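Written below as C-alpha cells is the structure these notes are about.
Numbering (my numbering), first residue to last: 39 to 161.
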C-alpha cells in the first residue's frame, strides 16, 4: 500500500478553509455539488466520513476511481476526471464550475474554474 493510501485510511484530511467556504456558498445558492476524486473505490467510505468530519455534509454525487479506471494518483488523472465530467454533461447535467489543483481544471464546457493549491504536487 502506498504511503498516500495509508494516509487516506487515517481519515484525517483537513478541509482547505476557502474551499469549504466556497462549498457552503454553492449549497446556499442551490447548486448540487458533485465530487470526482482520484481516490480508489475501496476508500470511498473513509473519504466520505472524512469529508463529513471536515464540514462537507451533502453532495449530489461522489465519484471514485473503480478497478477498471486508469490508475489512481497518476500524472494523467485529469484525463479521467475530464472524461467523467463529459459523461455527466452527456447525461444532461449542467456543470457550472470546477475546483481542482492540477491538470483537470482546464475544461471547455465549464463556466468557472477555481485552482486550489495542493502540496502533493511538485513542479
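Yeah, the Cβ is synthetic: ideal placement off N, Cα and C, and Gly gets one too.
Note that the coordinates shown come from a computational prediction; the quantities given were computed from them, not determined experimentally.
Per DSSP, residue i forms a beta bridge with which residues?
i: residue 99; result: 72
i: residue 78; result: 103
Report buried or exposed for residue i, applying the criterion of at least 16 other Cβ atoms within 10 angstroms of its Cβ.
i: residue 118; result: buried
i: residue 106; result: exposed
i: residue 103; result: buried
i: residue 77; result: buried
i: residue 120; result: buried
i: residue 161; result: Any reading at residue 161 must be qualified, since the residue scores a pLDDT of 45, below 50, and its modelled position is unreliable; the value itself is stated next. Exposed, by the Cβ-count rule.
How close, in whole Å, do the beta carbons of residue i and residue j come, if the pair is a contact with beta carbons under 8 Å?
i: residue 73; j: residue 101; result: 7 Å
i: residue 137; j: residue 57; result: 6 Å
i: residue 98; j: residue 62; result: Not quite, the Cβ-Cβ distance comes to about 15 Å (not below 8 Å), so this is no contact.
Any chance the stretch 45-53 sits against the stretch 74-93, with 3 or more Cβ pairs inside 8 Å? Yes, the stretch 45-53 touches the stretch 74-93.
Quick check: the stretch 120-133 against the stretch 77-90, are at least 3 beta-carbon pairs closer than 8 Å? Between the stretch 77-90 and the stretch 120-133, the count of C-beta pairs closer than 8 Å stays below three; the two stretches do not touch.
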